[in-house]
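Enquirer: The structure is given below, and queries will be raised subsequently.
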Amino acid sequence: VDFIPCQRSLKPVCGTDGITYNNECELCNSNLLKKKNIGNANKKKPCYPILSPYPTA
3 VDFIPCQRSL KPVCGTDGIT YNNECELCNS NLLKKKNIGN ANKKKPCYPI LSPYPTA
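In terms of our numbering, the sequence shown has 53 at position 51, counting the first letter as 1, and numbering is strictly consecutive.
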């Protein structure tokens, strides 16, 4: 299986399988690996809130 080279950017997306992927590219690679057709369930949003260990203020 040939995988797509992904950048290491954190832009979480929720897959229709209920798993949060680091970005849409990783979701695509999961499809290739699992031979499935997992879609983006929430239009580029994570399945659950991502809590950052870094303060925002």
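Idealized CB from N, CA, C, for every residue including glycine. Since we're looking at a predicted model, the values are computed, not measured.
Helix, strand or coil for Asn-42 per DSSP?
Expert: DSSP places Asn-42 in strand when its eight states are reduced to three.
Enquirer: Can you list, in chain order, the residues of its chain with a C-beta nearer than 7 angstroms to that of Thr-31? Leave out the 5 residues immediately preceding and following it.
Expert: Reading off the sequence shown, one finds Asn at residue 31, where the question assumed Thr. Within the same chain, Asn-31 has close Cβ partners Phe-5, Ile-6, Cys-8.
Enquirer: I'd like to know whether the C-beta atoms of Gly-41 and Thr-22 end up nearer to each other than 8 angstroms.
Expert: No, Cβ-Cβ distance for Gly-41 and Thr-22 is not below 8 angstroms.
Enquirer: Could you tell me if Leu-12 is buried or exposed, where buried requires 16 or more neighbouring beta carbons within 10 angstroms of its beta carbon?
Expert: Under this definition Leu-12 is an exposed residue.
Enquirer: For Thr-18, which beta-bridge partners are listed by DSSP?
Expert: Paired residues: none, contrary to the question.
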